[in-house]
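The structure appears right after this line, and notes come after that.
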Amino acid sequence: MRMSSMFSKTLREAPANADTKGYEYLVRAGYINQLSAGIFSLLPLGFRSVGKITKILREEMNALGDEEIQMPVVNSADIWKETGRFYSIDREMSRFKDRRDADMVLAMTHEECCTYLARQMIDSYKRMPLLVYQIQTKWRDDPRPRAGLIRVREFTMKDSYSFDRDVAGLEKVYKAHYDAYFRIFKRAGLPVVAVGSDSGMMGGKVSHEYMYLSPIGEDTIITCPECGYTANRQVARFRKSTQKEEMKALEIVETPGAKTIEGLSGFLKIRPEQTAKALFMVGTYIDDSDGTETQRLIIGVVRGDMDIEENKLQNAARCSSMRPAQEEEILAGGMVPGFGSPIGCKEDVVVIVDDAVAASTNLVAGANKEGFHYLNTNYGRDYSGTVADIAQAKEGYLCPVCGKPLKSSKGVEVGNIFQLGTRYSEAMNCFYQDENGERRPVVMGSYGIGVGRLLACLAEEYNDDKGLVLPLSVSPYDVHFIPLIKDANASDEVYSRLVSAGIDVLYDDRKESAGVKFADSDLIGIPLRLILGARSFAEGKIEAKFRSTGETRMLLLENLEEEVKALLAELSQVSA
RNA sequence: CGGCCAGUAGCGCAGUGGCUAGCGCACUUGGUUCGGGACCAAGGGGUCGGUGGUUCGAAUCCACUCUGGCCGACCA
């Protein structure tokens, strides 16, 4: 490609809203252009890089026996009503009506559509396993897109769906994707860790997220450096110490003004772990069949030395969304903010008790009376409720597996895999007959990778103070050819020789100074640069320079094609 | 959806009531340069986000609104 006719240009200054290096360089180098919040065009360079990424995706998916298809972006709402997600997903999914006044949605994922396909395709156990994928545009109306391509509203996703007759089959294909995803990220050059995660709105039990660990990440990842345990903080477990003693009689004490655990433990001269604290939320419960919403007050109880992980609380409470409760709502539930506990609360309150609280004895808890607490509260005797792990894991807490201290880091989710089970097949009547003629639901899995987000993470990972430094596997071009000689015919000839040899070349044929060309080349970040200068040209040579190391080599022009291919082979070794 | 900030040339910004709205980069033309963002000269480019108001006079003050960004809520 000749740069003189390329549909993009470089910028000397960063756009005002570029807050990370990777994003700044993608914009300045001309890979991407923002149209509005969370909506970007891919310019030629970005489009080519994405093409390199999707090539890797296709190769790895095809190798699993995954067949590529394309499902519609616009779905009739009917199938989304069948699974209930038409009602349970909030405004993140955009809806509209067609001319006949029928409900339509912009599909933000394709479980519904592919289940619709599968129920026509699959009638017998003999038809499975089946596996399809697509690489396609998704629209999710995120309330707050940010950080360039990291979190956007319109994006390209590779999403696969598996159909199996049983859980054993699902586990097998899940493992195959688990491994394939590591190969994909390895080939693209992005370091990732797989973490156990929450399956959120997707449903299902087992899921993993592939995280690129970086300070720009929005997810918090809990890891154990000792044994390798990793999990998203939303679901991360940890070892909780508990001590049991004989239950003592419930006793009410005056604790004026002690509305916080610090205040309370200071006042009573006890340790925070001898107390229980409460968090009040209002959960929305949606009836999947018709979208009817009901709201219920939820109280979560953890020991005073821990905090509540709201995601765990929401899962334990089995509601579809949650918000902090207002003071009046808490009072209406028979409890008092600041002095709250489930003791004496109204019947319809959802009580979720952390397992460490249930396993402890004689905790101090609120008396639901302004200025008073109970001594010696005990789960089971004084109050009841669902017991679950709802405490938030933190750095320094103990690993649930090996007991060593945990670490906390930030990460960007670049891929995820879910064992969906039969949630969608049962809801959408996707059944098959087994050998015994019995009707069984198809067991499904889904597997996603965000393509643009992957590019954004690569741009974060691979840059220096001059611009991008992309791995060959995802670089828009293999070679950046920069002639500095006046003889355009000679440089055109070098260019066409490279192109004929099947090498992807970006050719800086612009009438610019050497400095400008070098600076733009640094910014664009193609791994190998060929510089044709007057002196070396006279000697029948051309200079090759590696973007990442700055190392240069002189190549003989007569052996140009072979020598460049050898250097590219070297580069692909590095990233493999 | 709440809090805060910002919308002036393609990009980055200055201009806080008064002549024809400026600067840097980018762009055009001519000339000199030519291996790390060169220089000289001459140019082109603006409904100051929008609407309404205050005023003799508004980019500037007020109201509303739209858009973008940051923090939070939210989020596969």
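When the letters of the first sequence are read in order and numbered with our numbering, they come out as residues 1 to 576.
For each residue, glycine too, the CB sits at the ideal point set by N, CA and C.
If you're wondering where the values come from, they're calculated on a predicted model, not measured in any experiment.
For residue i, the three-state DSSP class (helix, strand or coil)
i: Glu-543; result: strand
i: Phe-7; result: coil
i: Arg-303; result: strand
i: Arg-323; result: strand
i: Asn-376; result: strand
i: Pro-44; result: helix
i: Asp-159; result: strand
i: Ile-308; result: strand
i: Thr-54; result: helix
i: Lys-97; result: strand
i: Gln-274; result: helix
i: Tyr-285; result: strand
i: Asp-522; result: helix
i: Asn-315; result: helix
i: Met-61; result: helix
i: Ala-18; result: coil
i: Ala-569; result: helix
i: Ala-231; result: strand
i: Val-443; result: strand
i: Arg-140; result: coil
i: Asn-416; result: strand
i: Val-581; result: The chain is shown only over 1 to 576; residue 581 falls outside these bounds and no answer can be derived.
i: Thr-115; result: helix
i: Leu-530; result: strand
i: Ile-482; result: strand
i: Leu-268; result: helix
i: Met-1; result: coil
i: Gln-70; result: coil
i: Gly-84; result: coil
Proximal residues to residue i (C-beta, below 7 Å), its chain only, five neighbours per side dropped
i: Asp-19; result: Ala-147
i: Arg-183; result: Glu-60
i: Leu-454; result: Ile-53, Ala-188, Leu-190 and Val-414
i: Pro-441; result: Thr-422, Ser-425, Glu-426, Cys-430 and Phe-431
i: Pro-256; result: Gly-371
i: Val-192; result: Phe-185, Tyr-210, Met-211, Tyr-212 and Val-414
Presumed contact (8 Å Cβ cut-off) between residue i and residue j, rounded CB distance
i: Ser-76; j: Ala-102; result: 6 Å
i: Glu-245; j: Thr-361; result: 5 Å
i: Arg-271; j: Tyr-285; result: About 37 Å separates the two Cβ atoms, so there is no contact after all.
i: Thr-223; j: Lys-407; result: 5 Å
i: Lys-97; j: Met-104; result: 6 Å
i: Met-428; j: Thr-83; result: 6 Å
i: Leu-149; j: Phe-7; result: Between Phe-7 and Leu-149 the Cβ distance is about 19 Å, and since that is not below 8 Å, they are no contact.
i: Ala-538; j: Leu-555; result: With 8 Å as the limit, Ala-538 and Leu-555 do not qualify as a contact, their Cβ atoms being about 15 Å apart.
i: Leu-567; j: Leu-532; result: Wrong, their Cβ atoms sit about 15 Å apart, outside the cutoff.
i: Arg-2; j: Asp-509; result: 5 Å
i: Thr-137; j: Glu-154; result: 6 Å
i: Val-196; j: His-208; result: For clarity, residue 196 is Gly in the given sequence; the question names Val instead. Confirmed, Cβ separation roughly 6 Å.
i: Tyr-174; j: Ile-330; result: Going by Cβ atoms, the distance from Tyr-174 to Ile-330 rounds to 42 Å, so no, they are not a contact pair.
i: Gly-334; j: Asn-376; result: Not a contact, Cβ separation roughly 21 Å.
i: Met-577; j: Gly-169; result: Nothing about residue 577 can be reported from this structure: the residues present for the chain run from 1 to 576 only.
i: Gly-30; j: Leu-43; result: 5 Å
i: Cys-402; j: Glu-254; result: Actually they do not touch by this definition, with Cβ atoms about 44 Å apart.
Close Cβ partners of residue i (< 6 Å) along its chain, the five nearest in sequence each way excluded
i: Ala-258; result: Leu-264 and Phe-267
i: Met-201; result: Only weak support is given to the placement of Met-201: the predicted model assigns it a pLDDT of 49, under 50, and the question is left unresolved by the model.
i: Tyr-125; result: Arg-165, Tyr-432 and Asp-434
i: Ser-475; result: Ile-526 and Pro-527
i: Leu-420; result: Gly-204, Met-444, Gly-445 and Ser-446
i: Tyr-161; result: Cys-114, Val-132 and Ser-446
i: Ser-4; result: Asp-509 and Arg-510
Cut-off 8 Å between Cβ atoms - residues of its own chain near residue i, not counting five sequence neighbours on either side
i: Asn-463; result: Lys-21, Gly-22, Tyr-25, Val-469 and Gly-525
i: Met-322; result: Met-281, Val-282, Gly-283, Thr-284, Ile-298, Glu-310, Leu-313 and Gln-314
i: Glu-558; result: Gly-540
Near the ligand PLP: residue i beta-carbon under 8 Å from a heavy atom
i: Leu-64; result: Within the structure as shown, the ligand PLP is missing, as the structure has no ligands at all.
Residues that DSSP places opposite residue i in a beta bridge
i: Asp-164; result: Val-443
i: Arg-239; result: Leu-398
i: Asn-75; result: Val-105
i: Arg-553; result: Ala-544
i: Gln-34; result: Phe-40
i: Ile-298; result: Met-281 and Val-350
i: Asp-219; result: Gly-411
In the segment 177–217, which residue ranges form an unbroken beta strand (DSSP E) of at least 3 residues, counting only runs that do not cross its ends?
193–196 and 207–213
Taking the runs of the alpha helix (DSSP H) that are 4 residues or longer, which of them lie wholly in the segment 339–414?
355–358
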